[in-house]
């Protein structure tokens, strides 16, 4: 059975552009080596931290979505934790509701808050 994950991680800002690209490819390789399939990788770029992290005031953010067996996440987190240039990470395992929400976003069918409010108002008036 394959689970769906979202992982956001922060790379050290001291890396050169080519080193950053190589590290992103390395992380992708860790996932694929464990039988994972990468769906999307978004490089958000260099962002300033609200508070310093490990003596640094900014970091290079990467957000990714992938599917894979349950064993892929512990292996990925271990590799991330021991790598010196990955400062922080957050991993989410999607449940059915989160998957549906993501599919609606991808299709562009996600209703806005105004649309939901209008529907609720119409139902209340009826």
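Residue numbers (our numbering): 368 to 493.
Glycine included, C-beta positions come from ideal geometry on N, C-alpha and C.
- Residue 437 and residue 380 have their alpha carbons spaced roughly 31 Å apart.
- Judged by pairs of C-beta atoms under 8 Å, the region 435–452 does not touch the region 418–426, as fewer than three such pairs exist.
- When only Cα atoms are considered, residue 416 and residue 452 end up about 16 Å apart.
- Going by DSSP, residue 463 is part of the alpha helix (DSSP H) stretching over 463–474.
- One thing to note: residue 391 has its Cβ no nearer than 8 Å to the Cβ of residue 406.
- As a beta-bridge residue in DSSP terms, residue 377 pairs with 428, 455.
- The shortest C-alpha to C-alpha distance from residue 376 to any of 425, 430, 478, 466 is the one to 430.
- Its chain contains 443, 446 as the residues whose beta carbon lies nearer than 6 Å to that of residue 397, once the 5 sequence neighbours on both sides are disregarded; these appear in chain order.
- Annotation: the region 376–425 contains the following complete segments of the beta strand (DSSP E) (minimum length 3 residues), in chain order: 404–420.
- Residue 372 sits away from residue 473, with the two beta carbons spaced by 8 Å or more.
- In the DSSP annotation of this structure, the continuous segment of the alpha helix (DSSP H) that includes residue 441 starts and ends at 439–449.
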